[in-house]
Ligand SMILES: [Zn+2]
């Protein structure tokens with residue numbers, strides 16, 4: 002893990018407007034692209050095995066070229082069709098039907114100019130279209146020094162806007178680390194414990210911004226309750242409800258970004274890798290299990306992990322994801338089952354005499370750290386794993402995380 006490089010992928014999603022070319026021309030191209038994409042998907046769907054790209058190329062290249070596509074359009078279209086069919090078959094879904102208008106183009110058919118804030122893409126034949134990116138310059142500047150490798154142009158039919166998702170990548174050199182930062186996320190707070198050379202050097206609890214977001218959700222609910230029969234049908238009421246929902250998500254996203262930055266700053270300061278738990282199901286020990294609460298918190302946990310993973314990798318800080326196996330119910334000293342006392346300090350106790358904060362304990366378990374001094378009977382053989390040899394893989398941002406199309 003030392004001195005290695007990791008490929009980091011980052012997506013720029015931006016609203017674009019065509020310059021000098023009518024929007025209709027762009028939409029016509031997208032319609033052309035998606036209909037031939039559907040054609041290839043239909044052909045592939047009935048087959049037992051999804052053919053290799055080389056086979057696809059032999060079979061469809063000349064044909065699609067005759068439909069006015071450029072060489073690289075065809076290449077990307079075939080790749081995309083294969084990906085879609087493969088993914089759908091793997092998930093056991095029915096035949097994919099492309100409903101939205103979009104096209105994925107590779108870097109030979111696109112030219113991204115961040116300085117001028119424009120993208121030039123090649124449509125059929127020798128036709129090019131220039132698209133102006135409608136985004137703050139300071140935001141675009143964040144992608145300087147990155148190389149782009151493909152672009153998805155998409156028509157949002159509800160908003161009636163054109164969007165470009167540009168995929169950038171960069172090889173980031175991983176920093177040398179000398180310890181680990183464990184992270185435990187739950188409804189009320191985020192616990193952070195930093196370990197270096199088998200010693201705990203820092204512990205921190207950050208409040209989770211969920212409650213702030215929740216007040217807006219509650220307002221939205223109140224409106225629904227006030228107009229129980231008509232809220233679904235009244236445009237004004239629906240708009241008011243939507244406004245509260247949107248505001249809730251905005252507040253949450255903003256706070257989560259800030260929180261992620263603070264945690265990654267800590268990891269950078271102490272020169273440690275970040276260890277977090279794999280989020281599988283619901284991890285909510287609170288009794289408030291109303292549907293939107295749990296949904297909102299899962300959304301927040303996922304987002305926070307994504308942001309942290311992302312911001313860390315960008316700065317060359319390794320991220321380790323460990324499977325969640327009762328990290329908050331196991332005693333870090335003897336491995337026994339903890340009982341939850343609760344209260345202001347969210348205490349957990351063990352028969353062996355261990356007493357601790359529930360979330361901090363979860364972090365200790367993630368680190369595989371055994372707090373000897375806290376318990377006189379401890380220290381007879383380690384039950385935790387060796388913290389210097391983290392299990393799990395150093396993760397890279399996966400495709401699902403970066404693809405927004
Ligand atoms: Zn114990």
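In the working numbering, the protein residues as written are 2 to 406. From the three backbone atoms N, C-alpha and C, an ideal C-beta is built for every residue, glycine too. Just so we're clear, the structure is a prediction, and the values are computed from it rather than from any experiment.
Taking 9 Å as the cut-off, the Cβ atoms of residue 209 and residue 313 do not count as close.
Only residues of its own chain outside the window of five on either side were considered, and among them 12, 150 and 151 have a CB closer than 6 Å to the CB of residue 168, listed in chain order. Excluding its 5 nearest sequence neighbours in each direction, residue 115 has C-beta neighbours in its own chain below 8 Å: 141, 142, 144 and 145, listed in chain order.
Residue side-chain check: residue 355 places its Cβ nearer than 8 Å to a non-hydrogen atom of ligand 1.
Residue 339 sits in coil when the DSSP states are folded into three classes, being neither helix nor strand. Between the stretch 316-323 and the stretch 162-178, the count of Cβ pairs shorter than 8 Å is three or higher; the stretches touch.
Remark: the shortest separation between the CB of residue 9 and any heavy atom of ligand 1 does not fall under 8 Å. The straight-line gap separating the alpha-carbon atoms of residue 245 and residue 311 is approximately 28 Å.
With contacts defined as CB atoms closer than 9 Å, residue 361 and residue 185 qualify as a contacting pair. Rounded to the nearest angstrom, the gap between the Cα atoms of residue 358 and residue 331 is 12 Å. Taking C-beta atoms as the reference points, residue 254 and residue 304 count as a pair closer than 9 Å. Residue 279 counts as exposed, since fewer than 16 other beta carbons sit within 10 angstroms of its beta carbon. Shortest gap from the CB of residue 337 to any heavy atom of ligand 1: under 8 Å. Listed in chain order, the beta strand (DSSP E) elements of length 3 or more contained wholly in the stretch 179-211 are 181-186, 190-197 and 200-208. Cβ atoms of residue 188 and residue 260 stay farther apart than 8 Å, at about 14 Å. The stretch 134-176 is shown to contain whole alpha helix (DSSP H) runs of 4 or more residues at 138-142, in chain order. Rounded to the nearest whole angstrom, the C-alpha separation of residue 368 and residue 195 is 9 Å. In the three-state reduction of the DSSP assignment, residue 106 falls in the strand class, which pools E and B. Proximity of the stretch 104-119 to the stretch 75-86 meets the contact definition, three or more beta-carbon pairs being nearer than 8 Å.
With a cutoff of 8 Å, residue 273 does not count as near ligand 1, since its C-beta is closer than that to no heavy atom of the ligand. Under the three-state reduction of DSSP output, residue 22 falls in the coil class, being neither helix nor strand. For the options 5, 68 and 49, the alpha carbon positioned closest to that of residue 30 is the one of 68.
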